[in-house]
């Protein structure tokens, strides 16, 4: 028996960079949190502490800031430039993965017009990109996180398996509320990222709204299917939906009816539904995930 | 020397209630987190464990749900109804305070029109109300929390005291970013709450944008002054501003200039600026805070 | 009507300093998070942006690090040195408050003996001190936070008020679990802080354990009373207890009894019990809180 | 092109169960947070909303509580019983994964002896187990999370790659602080779980303490190697180490030296080092991870 080093990677996580772009007196800001992870020929630092092939995570952080000096563009492109840099610059780096979370800001409106250089955070959801590069290819996964949605009707849940531990009542009317993380892998890297992202997000929201739901799984699949049907650049979409239970409160002890109007929003435990929708002819995922 | 019971209060915190209102097929939702705190004749439960004057916190929770059965209206009104109930119903309750955080949801747009019963969380900030009632009066404090704003220019900081521990460079150009909690006390309870809230929030945002800033304190005061000048129903406003430092990254080691374009957004430590703006003829705060 | 500046303070929050002390090859570490808040003659920075009386929060941070160069001692003493410095050094500072959270670390045991310079975090609770100084005096509040305790029996709750919204069953047997924040004000600043702290913490824990509880309020009072009875240097103690509800799960649908053995630990809503225990001859609190 | 359902699973996450065991007047408590995830023949609920093969997540929660009625034993065994139940009871469930986090509590000491039924939370780290069962096998991964360790000397970092973005100084003396998550896969399910866990944890801590570190990767490997060398029941160990940077503060502007005594503990960005140590003859991981 020999003890051996298995899979490993390392990097700098959560470098928070804000980039201001000035065009005349009008500013735009970008708010990115960037995580880099490198894999490659790093056995020696593990085995003997010889760091001669190691790109210090501090250098990775510096690189993120230096690359932010140029126009950032879509986070998918920014991630591609960074990931290709690490793979191209350092022989010891076989695979670089760059994950970016972007927070959105809006110009503050003053007198009905957007102010030049004052901003307010726009929403709690985040746009995401995960880019992976090797010498042989590049893979881009786009995404949206912390997307909170709720339907106050149009959701049922019944016909499920019963066993001796089942007490849940069947229902033809419930609140469906979920925190969605959706990540979609692109067929290649020739994509109009912003337009694609906006349309995928729109399709996810519209399908959540329009699909009459018999289960959260059905809703998840419908959302993914809608994206794949409309966006040929998407090869696969993975969704994680945190089912935020809303229980109708029993008001009968107080002599009151409650026809699905008053709900208790519970924190834990929660349902967690994870699923993938893809094409039967999708290219191999390679190192995308 | 005698050991005595001093100030005390108790209650149920963070009852999370979601209320659906249906008008034909069109739904609206309200998402409130309600905290109740009662003070009064509760010495006995402390001293002997005699609970005969204690309103169980479980009962407080039930009361929140039962009161949510009726139309909720503005959170200030909902808080007033709840607080007055506790004071009026129970002789042992001398003072009831109800704090409510409200999260906003928007109808999901489908084909350019708002969907009837599907919603997406709107923003990360929260609307707040703190209502306090005794037999002798009622006090309402409205507020906004987690309001993230940023100016990419129009902010200076110089001329401050220097001592042997001062290393900060003076600057005529910096990012000013802050997470604002603003809470304003009303002159009385005869207020159009929603209209007042929206206008105060607008004034805070506009003043943050328009005021050229020599210090975050100056910005804070200007924001409060703008509110008091325009809204006679506001007696006093208290603001807490978390100064989220954005440091221009030194790119010179890489042969690059950085003219306030690339910033590192730091988490901790942070500045914390707290201030009150009021009127010299404001009514006494009583039990408002 | 004139608009005026009311109460205000500002400072640097959450400077996280770790101090290593070396005695031969044996090291000790201290892990402090320090928040400074200054009040004084700061009207001008609010009104005109004139910062000539302002101690920059960056300077406050530097001061924390510089003062950590000397032996830190108890956090109460470290806070006193810092607060007195700000009041003494700057004419514009009338009141300085320094709050410190300390996290504990233990030497890692190797072969049954503590290792010289390797440490593991010891527990999740924190020791706290809040020191306030003016030209006229100094006040010290010590404390403990995030102290999680639980009794699996010896806790009842019954005899409470009933109204039309009461559904809670009376019980002579329940789990009592609470997250305690206790803060105690000292009579003066001549205290052996570490010994006092350890003994107060011991008294809080022992009393929680030994006191048969008819209500969480009764437990709170007993804990405070035990501290005041034994520790003459303590003038007053304020406690906040988050009642973490544990509900016995109804297993009867599965044909099982549950004699207070299986509990569901709920997150929200939670009870929140706040109370003060003091002496009738305690000195005035001044600016302590 | 056909759109198809890919990998999917669902379950109830974070059921928080507290189990009290009474032996005479002496109680013990167990504090578990249990997450269940099932995979299997669930295409229909995705495609048509037919839930006839779906075990409701509410039923999963009930099952956790019902199984907690019997003595829990080690969390690995509790996970095995639960996972086997789901696979064995429901033809549609092909794979069940149960993840358990356990929080530790100690008896409160009173007069030097442990109190019968009063407890205080012991530490912030958690013991973990992830158990996966199919019809064909069972896999157990044990672990420890949120294990915070720090070395105040005995850590160097130099000899790393330099490029145009490198500014980090080489050092022969730094603080090494890390939050460790370690998870180890067992060769089979015939293990004395508690003894094995305690010994693995001890080996991780001792090796962190004793290994002179030239890089965090070297420390990680040494920790894994020590576990595999001593514990034949462990086939593979995966570690994730969050490098919590401690920067020596530059006190020279204040005329002070700082010989690695005063450090600023930074939150973000942070290094993230992930690695696996295994045996060349380890059994295949199957569905363990």
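Protein chains in written order, with this note's numbering: chain A, 59 to 347; chain B, 59 to 347; chain C, 59 to 347; chain D, 59 to 347. Even glycine gets a Cβ: it sits at the ideal position worked out from N, Cα and C.
Taking only the alpha-carbon atoms, compute the straight-line gap between residue 297 of chain A and residue 104 of chain B and give it to the nearest angstrom. Here residue 297 of chain A is taken as the residue at index 239 of the first chain, counted from 1. Here residue 104 of chain B is taken as the residue at index 46 of the second chain, counted from 1. Near 51 Å, if we compare the C-alpha coordinates of residue 104 of chain B and residue 297 of chain A.
Just to make sure I have the definition right: I need the residues of chain D whose C-beta is within less than 7 Å of the C-beta of residue 175 of chain C. Which are they? Mapped onto the third chain, residue 175 of chain C falls at position 117. Chain-ordered, the chain D residues with CB closer than 7 Å to the CB of residue 175 of chain C read 209, 210, 211 and 212.
**Item:** Buried versus exposed, by CB contacts within 10 Å (16 or more), residue 230 of chain B
**Value:** Numbered from its first residue, the second chain carries residue 230 of chain B at position 172. Flag for residue 230 of chain B reads exposed.
Practice task
Measure the alpha-carbon distance for residue 155 of chain B versus residue 291 of chain B and round it to whole angstroms.
Solution key: Indexing the second chain from 1 puts residue 155 of chain B at position 97. Indexing the second chain from 1 puts residue 291 of chain B at position 233. Each residue's alpha carbon lies about 21 Å from the other.
> Which residues in the same chain have their Cβ closer than 8 Å to the Cβ of residue 125 of chain A, if we skip the five residues on either side of it in sequence?
Replying inline: Walking along the first chain from the start, residue 125 of chain A turns up at place 67. Hits under 8 Å: 136, 139, 140 and 143.
Using 8 Å as the cut-off, can you tell me whether the segment 91–105 of chain B makes contact with the segment 329–343 of chain A, which would need three or more C-beta pairs spanning the two stretches below that distance?
Touching, no.
Inset, instruction - Answer with yes or no whether the minimum CB distance from residue 314 of chain D to chain C is below 8 Å. - result: Locating residue 314 of chain D in the fourth chain gives position 256, where the first residue counts as 1. With 8 Å as the cut-off, residue 314 of chain D counts as an interface residue toward chain C.
Please state whether the Cβ-Cβ distance between residue 87 of chain A and residue 163 of chain A is less than 8 Å.
Here residue 87 of chain A corresponds to residue number 29 of the first chain, with the count starting at 1. Here residue 163 of chain A corresponds to residue number 105 of the first chain, with the count starting at 1. Contact: yes.
*Under the three-state reduction of DSSP, which class applies to residue 311 of chain B: helix, strand or coil?*
Counted from its first residue, the second chain places residue 311 of chain B at position 253. The answer is helix: DSSP assigns residue 311 of chain B an H, G or I state.
**Item:** Residue of D/147, D/341, D/345 and D/195 minimising C-alpha distance to residue 59 of chain A
**Value:** For the purposes of this step, residue 59 of chain A is taken as the residue at position 1 of the first chain. The residue with the shortest Cα to Cα distance from residue 59 of chain A is D/341.
Count Cβ pairs between the segment 65–73 of chain B and the segment 185–202 of chain A that sit closer than 8 Å; are there 3 or more? Fewer than three Cβ pairs drawn from the segment 65–73 of chain B and the segment 185–202 of chain A lie within less than 8 Å of each other, which leaves the two stretches out of contact.
Exercise. Quick one: any contact between the segment 246–266 of chain B and the segment 275–286 of chain B, if contact means 3 or more CB pairs under 8 Å?
Worked result: Yes, they touch.
*Spell out whether any CB of chain D is found under 8 Å from the CB atom of residue 325 of chain B.*
Taking the second chain and counting its residues from 1, one reaches residue 325 of chain B at position 267. Yes, contact with chain D.
Assuming residue 219 of chain C is part of the alpha helix (DSSP H), what are its boundary residues? Here residue 219 of chain C refers to the residue found at position 161 of the third chain. No alpha helix (DSSP H) contains residue 219 of chain C, which DSSP labels as neither H nor E.
- With a cut-off of 8 Å, does the C-beta of residue 311 of chain A fall near any C-beta of chain C? As a working note, residue 311 of chain A is residue 253 in the first chain. At least one chain C Cβ lies under 8 Å of residue 311 of chain A.
If you draw a straight line from the alpha carbon of residue 242 of chain D to that of residue 82 of chain A, how long is it in whole angstroms? Stepping through the fourth chain from its first residue, residue 242 of chain D is reached at position 184. Stepping through the first chain from its first residue, residue 82 of chain A is reached at position 24. C-alpha separation (whole angstroms): 57 Å.
* Asked: Exposed or buried, what is residue 106 of chain C when buried is set at 16 or more other beta-carbons lying within 10 Å of its beta-carbon?
  -> Here residue 106 of chain C refers to the residue found at position 48 when the third chain is read from its first residue. Under this definition residue 106 of chain C is an exposed residue.
request  = Would you mind listing the beta strand (DSSP E) stretches within the segment 293–347 of chain B that are 3+ residues and don't spill past its ends, in chain order?
outcome  = Considered as a whole, the segment 293–347 of chain B harbours 304–306, 320–323 and 328–337 as its complete beta strand (DSSP E) runs of no fewer than 3 residues, in chain order.
Exercise. So, are the CB atoms of residue 188 of chain D and residue 157 of chain D less than 8 Å apart?
Worked result: Along the fourth chain, read from residue 1 onward, the residue named residue 188 of chain D stands at position 130. Along the fourth chain, read from residue 1 onward, the residue named residue 157 of chain D stands at position 99. In contact: residue 188 of chain D and residue 157 of chain D (Cβ atoms closer than 8 Å).
Q) Is it a yes or a no for the segment 243–256 of chain B touching the segment 301–308 of chain B, going by three-plus beta-carbon pairs under 8 Å? A) In the pairwise beta carbon analysis, the segment 243–256 of chain B is classified as not touching the segment 301–308 of chain B: fewer than three pairs are separated by under 8 Å.
Original post:
Can you list, in chain order, the residues of the segment 113–138 of chain D whose Cβ is nearer than 8 Å to any Cβ on chain C?
Top reply: The residues in question are 120, 123, 124, 126 and 127.
inquiry  = Tell me the DSSP secondary structure of residue 287 of chain D in three-state form.
reply    = In the fourth chain, residue 287 of chain D corresponds to position 229, counting from 1. Three-state DSSP puts residue 287 of chain D in a helix.
Could you name the residues of the segment 180–194 of chain B whose beta carbon sits closer than 9 Å to any beta carbon of chain A, in the order they occur along the chain? Against chain A - using a Cβ distance shorter than 9 Å - the residues of the segment 180–194 of chain B are 180, 181, 182 and 183.
task = Output the boundary residues of the beta strand (DSSP E) element that contains residue 160 of chain D.
result = Residue 160 of chain D sits at position 102 when you count from the first residue of the fourth chain. Where residue 160 of chain D is concerned, the enclosing beta strand (DSSP E) stretches over 151–161.
Q: Could you tell me the boundaries of the alpha helix (DSSP H) in which residue 244 of chain A lies?
A: Taking the first chain and counting its residues from 1, the one referred to as residue 244 of chain A is at position 186. Looking at the DSSP string, residue 244 of chain A is not in any alpha helix (DSSP H); the run it does join, the beta strand (DSSP E), is 234–244.
>> Tell me the rounded alpha-carbon separation between residue 114 of chain D and residue 225 of chain A.
In response: On the fourth chain, position 56 is the one that residue 114 of chain D refers to. On the first chain, position 167 is the one that residue 225 of chain A refers to. For residue 114 of chain D and residue 225 of chain A, the gap between their C-alpha atoms comes out near 10 Å.
Problem set entry | Whole-angstrom C-beta distance between residue 74 of chain A and residue 235 of chain B, which should lie under 8 Å | On the second chain, position 177 is the one that residue 235 of chain B refers to. On the first chain, position 16 is the one that residue 74 of chain A refers to. Your pair residue 235 of chain B and residue 74 of chain A does not check out as a contact, with CB atoms roughly 11 Å apart and the cut at 8 Å.
- Message: Assuming contact is defined by CB atoms lying nearer than 8 Å, are residue 181 of chain C and residue 213 of chain D in contact in what I supplied?
- Response: The residue labelled residue 181 of chain C in the question sits at position 123 within the third chain. The residue labelled residue 213 of chain D in the question sits at position 155 within the fourth chain. No, the pair does not count as a contact, with Cβ atoms beyond the cut-off.
Open item on the list: When you compare the CB of residue 242 of chain A with every CB in chain B, is at least one pair closer than 8 Å?
Closed with: Here residue 242 of chain A is taken as the residue at index 184 of the first chain, counted from 1. So no, residue 242 of chain A is outside the interface.
Integer Cβ distance of residue 210 of chain C from residue 78 of chain D, believed to fall under 8 Å: Counting from 1 along the third chain, the entry for residue 210 of chain C is found at position 152. Counting from 1 along the fourth chain, the entry for residue 78 of chain D is found at position 20. Separation of the CB atoms of residue 210 of chain C and residue 78 of chain D is rounded to 5 Å, and the pair is thereby assigned contact status at 8 Å.
Query - Interface residues of the segment 223–251 of chain C facing chain F [CB-CB below 7 Å] - result: Absent from the structure is chain F; the protein chains it does hold are A, B, C and D.
Compute the distance between the beta-carbons of residue 174 of chain D and residue 84 of chain D, then report whether it is under 8 Å. Here residue 174 of chain D is taken as the residue at index 116 of the fourth chain, counted from 1. Here residue 84 of chain D is taken as the residue at index 26 of the fourth chain, counted from 1. In this structure, residue 84 of chain D lies closer than 8 Å to residue 174 of chain D by Cβ.
- How many angstroms separate the CA atom of residue 208 of chain C from the CA atom of residue 347 of chain D? To locate residue 208 of chain C, count along the third chain from 1; it is residue 150. To locate residue 347 of chain D, count along the fourth chain from 1; it is residue 289. When the Cα atoms are used, residue 208 of chain C and residue 347 of chain D turn out to be separated by approximately 34 Å.
Notebook entry, point to check: Counting contacts by CB-CB distance shorter than 8 Å, is residue 96 of chain D in contact with chain A?
Noted result: The count along the fourth chain starts at 1 and reaches residue 96 of chain D at position 38. Not an interface residue.
- Which stretch, first to last residue, makes up the alpha helix (DSSP H) that contains residue 258 of chain A? In the first chain, counting from the first residue as 1, residue 258 of chain A sits at position 200. Counted as a single uninterrupted DSSP element, the alpha helix (DSSP H) harbouring residue 258 of chain A occupies residues 251–268.
- In or out: residue 149 of chain D buried (at least 16 other Cβ within 10 Å) or exposed? Your numbering for residue 149 of chain D matches position 91 in the fourth chain. It is exposed - the Cβ of residue 149 of chain D has fewer than 16 other Cβ atoms within 10 Å.
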